[in-house]
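Count along the sequence shown starting at 1, add 170, and that's the number in our numbering. Built from N, CA and C at the ideal position, the CB exists for glycine as well. Predicted, not measured: the structure shown is a model, and the values here were computed from it. What follows is a short report on a single structure.
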Amino acid sequence: QMRERELEQVMGDFYHKRFNVLIASTIIETGIDVPSANTIIIERADKFGLAQLHQLRGRVGRSHHQAYAYLLTPPRKAMTPDAEKRLEAIANAQDLGAGFVLATHDLEIRGAGELLGDGQSGQIQAVGFTLYMEMLERAVKSIQKGEQPNLDQPLGGGPEINLRVPALIPEDYLPDVHARLILYKRIANAADENGLRELQVEMIDRFGLLPEPTKHLVRLTLLKLQASSLGITKIDAGPQGGRIEFAADTSVDPMVLIKLIQSQPNRYKFEGATVFKFQVPMERPEERFNTLEALLERLAAANG
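See the structure below:
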């Protein structure tokens, strides 16, 4: 790696045409503007992503002179199918606005990652797709107004429910990313049980019988609606039991919970003023759903 001053000297000499050929790594990908440069030769172009190729190609042709980009590759047999698609896309995208076209091709070639899949990671995995998108949207709106996002403002995402079960629309059930995004939003925005049932019927009619993870997603959404109406802020459950957190203004009568504890003290108990814990073996996802649905229905029935 060259020292900063040495690198600056080399780039200055090239800019002022003290030499005519610059051999460089992808360090020149961004931030370099040499109007006199009109030819770039990219070795093993099949190893680069579309965005990199687009940026590297953009280092030449920054003046009124015709420019050329030569992409050197091994024989087709030595390249992967995705590499061939990338090279074809970069060769065809030559007009203004090509960046957007290339981004679309990149999404089609690589896929959308695990934003909507079972292998989510990082912040999205921690808070869930719907809540993550709400947080992102709020932050973007604040920045557009020139304000700092208010991190203390509560989010309107409703109760948080974690049953440690896969709850998603699998890619092999619905390959189209855009269609999946729309369905995720429609499921999340369902106002009541009838709306969810109608959406289920529509999905079965359009795409076939729901896979188990999608059934889980629908049942989780229904639990969220029930929990919201009862003033529940969080439900966390696993193979050995779980806990329910209530808001300070919950509509659930505390006497109902006290009676549950009195009837089965080994199964139910309070943890502080707003947390209700239960110990029930629930190894299978179906058992977790059934247990919580029955418990919430019992609390709702007691409210009249």
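Check: Range of the contiguous alpha helix (DSSP H) that encloses residue 375; Outcome: 363-377
Check: Alpha-carbon to alpha-carbon, residue 365 and residue 260; Outcome: 45 Å
Check: Start-end ranges of the beta strand (DSSP E) lying completely within the stretch 311-361, minimum 3 residues; Outcome: 330-332
Check: Check whether residue 393 and residue 331 have beta carbons under 8 Å apart; Outcome: yes
Check: Cβ neighbours of residue 344 in the same chain (closer than 6 Å, five flanking residues each side left out); Outcome: 350 and 377
Check: Test item: CB-CB of residue 354 and residue 374 under 8 Å; Outcome: no
Check: Residue 379: CB within 7 Å of a non-hydrogen atom of the ligand HEM; Outcome: You won't find the ligand HEM in this model; it holds no ligand whatsoever.
Check: Nearest neighbour of residue 211, chosen from 227, 404, 315 and 204 [CA to CA]; Outcome: 227
Check: Start-to-end residues for the alpha helix (DSSP H) that takes in residue 260; Outcome: 251-262
Check: Whole-angstrom C-beta distance between residue 398 and residue 316, which should lie under 8 Å; Outcome: Not a contact, Cβ separation roughly 34 Å.
Check: Secondary structure of residue 196, DSSP reduced to three states; Outcome: helix
Check: 6 Å Cβ shell around residue 256 - same chain, five flanking residues per side excluded; Outcome: 220
Check: Reduced DSSP secondary structure (H/G/I, E/B, other) of residue 239; Outcome: strand
Check: The stretch 396-414 touching the stretch 452-468, judged by at least three CB pairs closer than 8 Å; Outcome: yes
Check: For residue 290, three-class secondary structure by DSSP; Outcome: With a pLDDT of 46 at residue 290, under the threshold of 50, the modelled position of this residue cannot be trusted; read the value that follows with caution. It is coil, neither helix nor strand.
Check: Between the CA atoms of residue 458 and residue 199 - distance to the nearest angstrom; Outcome: 52 Å
Check: Reference residue 202, options 177, 214 and 427, closest by Cα; Outcome: 177
Check: Beta-carbon separation (whole angstroms), residue 357 vs residue 391, contact threshold 8 Å; Outcome: 5 Å
Check: Whole-number beta carbon distance between residue 400 and residue 466, since they are thought to touch under 8 Å; Outcome: 7 Å
Check: Local conformation of residue 282 per DSSP, three classes; Outcome: For residue 282, the predicted model reports a pLDDT of 47, less than 50, meaning its position is unreliable and no value from the coordinates is stated.
Check: Reduced DSSP secondary structure (H/G/I, E/B, other) of residue 428; Outcome: helix
Check: Assigned secondary structure, residue 407 (DSSP; H/G/I helix, E/B strand, else coil); Outcome: strand
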